[in-house]
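*Asks:*
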Amino acid sequence: MRKSLLAITTIMLAWSVPAQAEDLLGWLDKAGVSAPGEKEAPADAAALLTLEPGENEMYAKPSPDGKYLMSISSKGKQTWVSRRFVENGDPANVITEDGHAFDSVNWKDAGHVYFFSDRAGGLGLWEKISDGEGMQRRLMTMRGNFTEPVLLPDGSVLAVHLSTSAPAGASHAGSRSKSDDFDNWSMEGFVTGLVLINPEGDMHTLTEGINPALSPDGQWVVFSMPMGRSYHLFRMHPDGSDLIQITDARAVDVQPSWSPDGKWIVFTSNREEADLRHKKGNNWDVWAIDPTGRNLTRLSMDDARDGGARVGTDGRVYFHSDRKVSQEQAQARDIKRAEQGFHIWTLPLPSAAAAVPAGQ
773 MRKSLLAITT IMLAWSVPAQ AEDLLGWLDK AGVSAPGEKE APADAAALLT
823 LEPGENEMYA KPSPDGKYLM SISSKGKQTW VSRRFVENGD PANVITEDGH
873 AFDSVNWKDA GHVYFFSDRA GGLGLWEKIS DGEGMQRRLM TMRGNFTEPV
923 LLPDGSVLAV HLSTSAPAGA SHAGSRSKSD DFDNWSMEGF VTGLVLINPE
973 GDMHTLTEGI NPALSPDGQW VVFSMPMGRS YHLFRMHPDG SDLIQITDAR
1023 AVDVQPSWSP DGKWIVFTSN REEADLRHKK GNNWDVWAID PTGRNLTRLS
1073 MDDARDGGAR VGTDGRVYFH SDRKVSQEQA QARDIKRAEQ GFHIWTLPLP
1123 SAAAAVPAGQ
């Protein structure tokens, strides 16, 4: 039956082919219709940055001086934090293999990173030189279960506190317990709240939320807050004052971060084809919006999962994606076959002229 319908459709198309077209395929090409078996061109201009045999690379974080980026790299059962060259994505060194660092590591300055670790007995915030060598220094002792720390200029720490809605004894170790960690906003069994911890260790609860990021001037924290099945972006001062909602679509808006000039917030969202009931029915892309909630702009356009975006000092957006790597891209890196999985890709941060109306 299907073959008969296909034959009839083909004959009807052939009858309607314009005279100037040499054949049916030529007309299909001019009409913008894909011929059978033809691959569609990518919808965005993302460039592949990292590709290592058998590896996944996720959560790229460009350094303040623009020379390096950190990524969470994994191969088989091994996971580590790597430092890479921004110019070509090649690995420079391993920073740490500490399991607590995978969802807590961040740049302190161009030459140092900080992350959670229980290396001295009990959770603490530690500082380390980004070349992976030298001494490590504990900045603060933590009392409780935390993730995603943000070190503030005065030595205070804003972090996500995981409260015990899970069974007694449950803990979040920061290690990869899933096949991948794309949805790092999902902490099943825990209630997530943003807290401020001063240098003396006193903790003050701010609000419910996940994925905090500090603005370049240190005046604002953007984060995601769950509301029903949706997640919305908010911003507030680091002390919790002046809470402002940025997005309100029926969608999951998560993983926000700032551009170096503070004019853009890039984030992960399923708002193009949101399915809040079924995780596998969503199309995840990278979006941008300004801090006032205007100039909403879709940056990545692919059927794959795009997320974890950060903007470098070069004005490019670095994000991870499990989109298909072409054979040509693999061969350009002396890899025999295309590697599936998550890798780091880059896109330019566009101007506000490309924005879609807010509220969509």
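Take 773 as the starting number for the sequence shown in the numbering used here and just add one per residue.
Cβ atoms here follow ideal geometry from the backbone N, Cα and C, with glycine treated the same way.
For clarity, every value in this text was computed on a predicted model and none was experimentally measured.
(1) Quick one, are the C-beta atoms of proline 834 and valine 858 less than 9 Å apart?
(2) My output table needs one value for alanine 926: the three-state DSSP class, helix, strand or coil.
(3) Does aspartate 762 come out as helix, strand or coil in the three-state DSSP assignment?
(4) Excluding the 5 residues preceding and the 5 following arginine 1088 in the sequence, name in chain order all residues of the same chain whose CB lies nearer than 8 Å to its CB.
(5) Am I right that valine 993 and arginine 1007 are in contact with their C-beta atoms under 8 Å? What's the rounded C-beta distance?
(6) For valine 1027, report the span of its beta strand (DSSP E) as first-last.
(7) Identify every residue that forms a DSSP beta bridge with aspartate 1057.
(8) Which of the three DSSP states, helix, strand or coil, is assigned to glutamate 920?
(9) Are isoleucine 971 and serine 935 close, meaning C-beta to C-beta below 9 Å?
(10) Exposed or buried, what is alanine 1125 when buried is set at 16 or more other beta-carbons lying within 10 Å of its beta-carbon?
(11) Give me the DSSP bridge partner(s) of phenylalanine 887.
(12) Looking at the unbroken alpha helix (DSSP H) that takes in glutamate 1100, where does it start and where does it end?
(13) Apart from the five residues just before and just after serine 1093, which ones in its own chain have a Cβ nearer than 6 Å to its Cβ?
(14) Going straight from the alpha carbon of arginine 1001 to that of lysine 900, what length do you get?
(15) Is the separation between the beta-carbon of valine 866 and that of serine 876 shorter than 9 Å?
(16) What residues in its chain sit with their C-beta under 6 Å from that of serine 1041, if we drop five residues either side in the sequence?
(17) Can you tell which of Glu1100, Asp1106, Lys1096 has the C-alpha that lies nearest to the C-alpha of glutamine 1112?
(18) For the beta strand (DSSP E) that contains leucine 986, what are its first and last residues?
(19) Using three-state DSSP, classify proline 834 as helix, strand or coil.
(20) Report the rounded CA-to-CA distance for histidine 933 versus asparagine 878, giving the unit in angstroms.
(21) What are the start and end residues of the beta strand (DSSP E) that includes histidine 1092?
(22) DSSP beta-bridge partners for lysine 847?
(23) If you draw a straight line from the alpha carbon of methionine 907 to that of aspartate 1062, how long is it in whole angstroms?
(24) Given this structure, state the Cα-to-Cα distance separating aspartate 870 from tryptophan 852, to the nearest angstrom.
(25) Let me know if histidine 976 comes out buried or exposed under the rule of 16 or more other beta-carbons within 10 Å of its beta-carbon.
(26) Nearest to aspartate 1033 by CA position, among Asp955, Gly1084, Ser1072, is which residue?
(27) Quick check on the DSSP output: the beta strand (DSSP E) that includes alanine 864 runs from which residue to which?
(28) Using a Cβ-Cβ cut-off of 8 Å (strictly less than) and excluding sequence neighbours within five positions of alanine 819, which residues of its own chain qualify?
(29) Compare the beta carbon distance of leucine 841 and histidine 1115 with 9 Å and say whether it is the shorter of the two.
(30) Out of Gly961, Val1038, Thr919, Ser1098, point me to the one whose CA is closest to histidine 872's CA.
(31) Using a threshold of 9 Å, state whether the C-beta atoms of phenylalanine 1039 and serine 996 are closer than that.
(32) Could you check where the beta strand (DSSP E) with leucine 1005 kicks off and where it finishes?
(33) In the DSSP assignment, the beta strand (DSSP E) including glycine 1079 goes from what residue to what residue?
(34) Classify glutamate 827 as buried or exposed, calling it buried when 16 or more other Cβ atoms lie within 10 Å of its own Cβ.
(35) On the criterion of 16 or more Cβ atoms from any shown chain inside 10 Å, does proline 984 qualify as buried, or is it exposed?
*Replies:* With the structure as the only source:
(1) yes
(2) Per the sequence shown, residue 926 should be read as aspartate rather than alanine. Correct three-state label for aspartate 926: coil.
(3) An answer regarding residue 762 cannot be provided, because it is not within the stretch 773 to 1132 covered by the chain.
(4) Thr1118, Leu1119, Pro1120, Leu1121
(5) 7 Å
(6) Note that residue 1027 is glutamine in the sequence shown, not valine. Here the beta strand (DSSP E) through glutamine 1027 covers 1025–1030.
(7) Ser1041
(8) strand
(9) Looking at the sequence shown, residue 971 is not isoleucine but proline. No; because the gap between Cβ atoms is not below 9 Å, this pair is not in contact.
(10) In this prediction, alanine 1125 has a pLDDT of 34, which is less than 50 and means its spatial position is unreliable; what the coordinates show is noted afterwards. Flag for alanine 1125 reads exposed.
(11) Trp898
(12) 1099–1103
(13) Ala1076, Asp1078, Trp1117
(14) 38 Å
(15) no
(16) Ala1023, Asp1025, Trp1059
(17) Lys1096
(18) 982–986
(19) strand
(20) 17 Å
(21) 1088–1093
(22) Gln850
(23) 40 Å
(24) 7 Å
(25) exposed
(26) Gly1084
(27) 863–868
(28) Trp1117, Thr1118, Leu1119
(29) no
(30) Thr919
(31) yes
(32) 1002–1008
(33) 1078–1083
(34) buried
(35) buried
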